[in-house]
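Structure first, then comments.
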Amino acid sequence: MTIRNVRDHGQRYRPRMACLKKVENVVLEMQDPKTGVKSQTQRLVITTIPHAITGEDIVAWIANRFKTDAAEARAMGTMMVAFGYIYPLQDHKRLILKPDTSLYRFQTPYFWPAQQWLVEDTDYAIYLAKRNIRKKGMLELYEQEQYNNLYKWMNHKWDFIVMQAKEQYRAGKERKKPDRVVFDCQERAYWVVHRPPPGTVSAMDYGHDRMVDPNMEEVKVCIMFIQQCIMRPRVKSSVSIGALIKYTTTYKEHDPFLHTCLPSSPWITDDVTYWTLNMPNVETPTKMRVERWTFSFGELLMDPRGRADFRLFLKKEFSGENLAFWEACEDLKWGAAETMKEKAQQIYKTFLARGAPRWINIDGKTMDITVKGLAHPHRYVLDAAQTHIYMLMKKDSYGRYLKSPVFKETQKKAYQYILCMNCVPQLCRFTAPVPHLAVYTGICEAQSTASPGLMTLPNSAACPSPISVAIDSTPASERRFDGNGGPSSSHFPSIAEASVSEEEKQPPAPKSRMALSLSRLLRRGCNAPSVFASLSPKCAVASGGGKVQPLGVEPLAQPQPRRIANFFQIKVDIPPECRIYPIDSEDEEDDSADTARGGVKEIICPWETVTKQDGAG
Amino acid sequence: MPLCNNKVADDGTSAQPLQEGKAMVDSLIKVVACYRHLASCIGGCTDNSSLRRDLRQTRERAQTLALSCRNHLTARLRDKTLPEAERKETELLWVAFSSCLELLHADMCKVFTMVKHFSLANNSTMVQTGIQGGTTELAARALSLPDLQEAGGSTQTSSMEGQEQSQLEQEIAQVDRTLEDMELKVNVLRWTVEALGPQYADPVSTDSASLALLSIDEEAAQAFCSRSQVFAAMMLCGVAIFAVVLSVCVVFLV
Chain A
1 MTIRNVRDHG QRYRPRMACL KKVENVVLEM QDPKTGVKSQ TQRLVITTIP
51 HAITGEDIVA WIANRFKTDA AEARAMGTMM VAFGYIYPLQ DHKRLILKPD
101 TSLYRFQTPY FWPAQQWLVE DTDYAIYLAK RNIRKKGMLE LYEQEQYNNL
151 YKWMNHKWDF IVMQAKEQYR AGKERKKPDR VVFDCQERAY WVVHRPPPGT
201 VSAMDYGHDR MVDPNMEEVK VCIMFIQQCI MRPRVKSSVS IGALIKYTTT
251 YKEHDPFLHT CLPSSPWITD DVTYWTLNMP NVETPTKMRV ERWTFSFGEL
301 LMDPRGRADF RLFLKKEFSG ENLAFWEACE DLKWGAAETM KEKAQQIYKT
351 FLARGAPRWI NIDGKTMDIT VKGLAHPHRY VLDAAQTHIY MLMKKDSYGR
401 YLKSPVFKET QKKAYQYILC MNCVPQLCRF TAPVPHLAVY TGICEAQSTA
451 SPGLMTLPNS AACPSPISVA IDSTPASERR FDGNGGPSSS HFPSIAEASV
501 SEEEKQPPAP KSRMALSLSR LLRRGCNAPS VFASLSPKCA VASGGGKVQP
551 LGVEPLAQPQ PRRIANFFQI KVDIPPECRI YPIDSEDEED DSADTARGGV
601 KEIICPWETV TKQDGAG
Chain B
1 MPLCNNKVAD DGTSAQPLQE GKAMVDSLIK VVACYRHLAS CIGGCTDNSS
51 LRRDLRQTRE RAQTLALSCR NHLTARLRDK TLPEAERKET ELLWVAFSSC
101 LELLHADMCK VFTMVKHFSL ANNSTMVQTG IQGGTTELAA RALSLPDLQE
151 AGGSTQTSSM EGQEQSQLEQ EIAQVDRTLE DMELKVNVLR WTVEALGPQY
201 ADPVSTDSAS LALLSIDEEA AQAFCSRSQV FAAMMLCGVA IFAVVLSVCV
251 VFLV
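Here you go:
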């Protein structure tokens with residue numbers, strides 16, 4: 001059934017067709033006998049047809065009219081041809097403007113592209129049928145296919161189509177021969193524009209139709225809201241650049257790509273610990289995450305764990321209704337349209353009405369606006385109130401939250417990965433499948449200064465991914481290390497993870513705690529380091545300064561004991577098949593070569609043995 | 001062109017109502033086809049008051065035909081006693097009729113907008129489309145008149161144009177209403193209607209002349225220059241051969 005009810009395809013639904021009106025005016029200007037384009041006659045075998053124009057004339061006219069150069073004029077002419085206002089007489093399938101003596105003609109206004117009318121398939125079917133009448137088998141392959149398709153789905157009116165095609169053909173024969181030829185050319189050009197052959201780019205391709213009238217009230221409001229969201233007031237570039245710098249310095253260490261990702265980057269290794277630890281509703285967040293909450297109130301709210309913490313704090317302060325209202329407004333804004341009215345009413349009853357159970361405190365003007373808007377609720381009706389409450393929370397509660405015991409508690413409990421320089425005299429390999437890692441309490445001196453300091457480890461500078469735990473990751477990292485220069489050799493980051501316990505214990509060296517250093521062997525010829533971190537403060541960078549990363553090394557060397565004090569350690573359940581291979585350089589080379597060839601690696605965790613060797617390391 | 005291939009529409013004495021309906025629908029289709037040809041000339045260099053007049057007359061004819069068609073078909077389809085085969089045929093006619101009317105509606109809307117832009121009274125610029133001839137034969141075909149007097153081209157004033165515009169608007173609205181009425185009164189399920197005719201229309205007559213014009217236009221236009229050169233070369237060769245033959249004959253005779 002022809003859909004007749006979707007009749008209006010006006011400008012407001014297809015915004016990209018706004019240029020058509022302007023092109024039409026230009027075309028009309030070209031018609032002027034004095035100032036327009038020069039026209040000539042086209043000579044066919046039997047007859048002549050007037051009003052043909054050459055490509056070069058068109059280009060010259062456009063260049064003269066718009067005071068542009070020839071290339072620009074040619075592009076504009078091509079656009080006019082592509083839209084179908086001018087059609088080529090030779091080579092009719094290529095809708096471009098050739099700036100030579102090839103001939104073109106103006107299209108009759110009946111066949112001009114129009115925004116209001118959709119190009120009907122019925123007309124196309126009639127046109128193809130007509131072409132078939134004139135000469136059987138004249139349809140091209142793609143036209144043939146389309147004809148068959150149309151026959152299938154417009155089957156009910158096919159008799160009409162055939163009849164109409166015949167009648168149009170006969171009516172055409174009433175006209176004089178040159179006119180018939182011209183009309184056929186016009187129609188053919190029209191359909192080349194609107195049903196382009198496959199593989200050609202059509203100028204009529206404007207994207208999707210908008211089925212919603214943008215002038216509707218709700219859509220207008222939505223558009224306004226989005227425009228305000230993206231609106232940026234103009235600022236001096238120095239100010240904006242300063243803001244950018246501030247942002248990058250603040251967030252630079254929190255970016256897993258730009259900075260070391262601990263324990264290991266899940267995008268490089270196969271260890272997804274990083275993601276598991278940073279799940280949205282994890283019980284204990286990581287330190288980095290908690291630090292991000294201190295950056296801005298928005299960060300705190302956007303993080304579900306942070307929001308939960310904040311909610312807890314507000315509950316203790318008996319001002320939880322603000323956050324509840326804010327969340328309800330968010331739900332209204334982003335929720336489904338059908339429940340919107342009920343939600344709005346619910347919110348009003350719970351938060352805004354006089355004597356409501358969770359009455360929020362907003363100023364009179366905002367309350368007026370909101371209540372008025374609630375008469376005709378839509379998505380953004382509570383926007384003003386929400387913003388007011390947001391600002392209230394930000395200025396008032398947020399500051400108090402950051403100083404509150406709730407937050408401090410969360411901070412203390414937060415996990416942290418740190419890297420530490422250590423030196424163990426032996427190169428060791430260890431096998432420890434990662435899932436065996438167990439986290440347990442270790443020491444922590446929760447220092448906000450320490451954490452950033454820790455993060456500026458030399459790793460980032462030279463070593464791409466010093467931490468590799470998984471077996472399959474080692475070849476890559478080894479290769480990378482092999483490709484590295486000398487200095488990266490000696491540093492073995494040792495990653496330990498533990499939760500902070502209440503008391504700050506001094507790291508008694510080995511006892512039952514061992515730091516598991518999960519790095520890989522670095523250099524050949526690196527004699528110094530083993531992969532184990534020991535808790536002993538006596539651990540010195542054995543490789544000496546030469547092999548140590550220049551960046552941040554010196555401070556690291558100094559606070560080495562202190563940092564070690566900040567270790568979080570992993571206790572590893574050692575499977576009985578663990579072995580240790582003390583390796584010297586030659587072995588390492590062979591093994592590296594082996595690895596490079598893709599052999600299976602074994603990581604051995606010689607906990608007990610290392611502990612004993614700790615004194616040496 | 002003789003008008004003898006017109007299907008006679010106004011003959012009210014046809015035997016069966018089915019044939020009558022078919023004849024009416026066929027003539028409507030013919031008139032709509034002519035209307036489309038006429039509409040394609042609007043805004044072109046041959047746009048003048050006689051074209052507008054032809055358009056108007058064709059349109060009026062189409063509307064009267066449409067009215068009678070509708071009444072006839074509606075009456076038949078609402079007739080419960082219609083045998084099944086005839087009902088199917090009538091439904092086919094109904095679908096053809098409604099599609100035809102939709103085509104007419106679309107054309108009328110296009111003419112309406114175009115006439116607004118290309119107003120004769122205001123001497124708007126017309127597009128040089130290359131059409132040369134008039135459209136009187138088309139109108140004559142549409143109106144089924146053996147010949148049409150070419151009424152003197154009366155200049156149209158803007159008030160006349162305005163009148164015509166409003167009349168056209170009314171007629172468009174009327175066709176709109178007709179279409180809606182039709183849908184309401186008679187329920188013809190489009191998916192149950194199957195076409196009886198062939199997929200491909202038979203070639204009516206090999207119109208070699210215009211075909212030749214167009215095909216030459218398509219293919220040889222690039223080689224147009226070389227074509228004339230080849231032609232000249234062949235002429236020369238022919239002349240040379242003729243001269244050789246003559247000289248040989250002369251030699252032999254001598």
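As they're listed, the protein sequences go chains A and B.
Quick note: the first sequence uses UniProt numbering, first residue 1, plus one each step.
Quick note: the second sequence uses UniProt numbering, first residue 1, plus one each step.
Just so you know, even glycine gets a beta-carbon here, dropped at the ideal spot from N, CA and C.
On a predicted model such as this, the values are computed, not experimentally measured, just so you know.
| Check | Outcome |
| --- | --- |
| Pairwise C-alpha distance: A:V272 and A:Y401 | 32 Å |
| DSSP state of A:A52 mapped onto helix, strand, coil | strand |
| B:E91 burial status per 10 Å Cβ neighbour count (16 or more: buried) | buried |
| C-beta atoms of A:Y87 and A:K130 nearer than 7 Å | no |
| Candidates B:A139, B:F112, B:T81, of which the one nearest B:E169 by Cα | B:F112 |
| Sequence-distant residues of its chain with Cβ nearer than 6 Å to residue 653 of chain A (five each side left out) | The shown model of chain A, from 1 to 617, leaves out residue 653 of chain A, and the question about it has no answer. |
| Within-7 Å CB hit, B:A232 to chain A | no |
| C-beta neighbour in chain A for B:V239, strict 7 Å | no |
| Beta-carbon spacing of A:H156, B:R190 below 7 Å | yes |
| Closer than 7 Å to chain A by CB, B:T64 | no |
| Exposure of A:N361, with buried meaning 16 or more beta-carbon neighbours within 10 Å | exposed |
| Contact set for B:Q128: own chain, Cβ-Cβ below 6 Å, skip 5 residues either direction | C45 |
| 7 Å Cβ cutoff, residue 618 of chain A in contact with chain B | The requested residue 618 of chain A is not part of the displayed model; chain A covers only 1 to 617. |
| Cα-Cα separation between B:K116 and B:I42, rounded to whole angstroms | 11 Å |
| Residue range of the unbroken alpha helix (DSSP H) whose run includes A:P405 | 405-413 |
| Near-chain B residues of the stretch 158-181 of chain A - C-beta to any C-beta below 9 Å | W158, D159, F160, I161, V162, M163, Q164, A165, K166, E167, Q168, Y169, R170, A171, G172, K173, E174, R175, K176, K177, P178, D179, R180, V181 |
| Status (buried if at least 16 other CB within 10 Å, exposed otherwise) for A:D368 | exposed |
| Extent of the continuous alpha helix (DSSP H) to which A:I245 belongs | 237-251 |
| 8 Å CB neighbourhood of B:P17 in its chain, flanking five on each side removed | H72, R76 |
| With 16 other Cβ atoms within 10 Å as the buried cut-off, status of A:E409 | exposed |
| Candidates A:H254, A:V371, A:E321: closest to A:Y417 by CA position | A:H254 |
| C-alpha distance - A:K236 paired with A:L244, whole-angstrom precision | 12 Å |
| A:I467 versus A:Y251: straight-line alpha-carbon distance, rounded | Model confidence at A:I467 stands at a pLDDT of 40, short of 50, so the residue's coordinates are unreliable; what they give is reported in the following sentence. Distance between the alpha carbons of A:I467 and A:Y251: 22 Å. |
| Exposure label - B:Q163; buried when at least 16 CB within 10 Å | exposed |
| Stretch-stretch touch, CB-based, cutoff 8 Å, three pairs: the stretch 51-63 of chain A with the stretch 73-93 of chain A | yes |
| Nearest-angstrom Cα separation, counted from B:A201 out to A:V81 | 32 Å |
| Beta-carbon neighbours of A:Q31, restricted to chain B and to distances below 8 Å | T125, M126, V127, Q128 |
| Spatial neighbours of A:E218 in its chain, beta-carbon cut-off 6 Å, leaving aside the 5 residues before and after | H378 |
| Where B:G133 falls: helix, strand or coil (DSSP) | coil |
| Cβ shell of A:L277 (< 7 Å), same chain only, five flanking positions each side left out | T286, Y415 |
| Separation of A:E140 from A:I161, as counted between CA atoms | 19 Å |
| Residue(s) in a DSSP beta bridge with A:L103 | A:T54 |
| Nearest residue (CA-CA) to A:P280, options A:F295, A:C261, A:R307 | A:R307 |
| Pairwise C-alpha distance: A:P197 and A:L97 | 18 Å |
| Interface residues of chain B facing A:F83 [CB-CB closer than 8 Å] | Chain B residues near A:F83: none, gap ~14 Å exceeds 8 Å. |
| Neighbour list for B:L138 in chain A, Cβ cutoff strictly below 8 Å | A171, E174, R175 |
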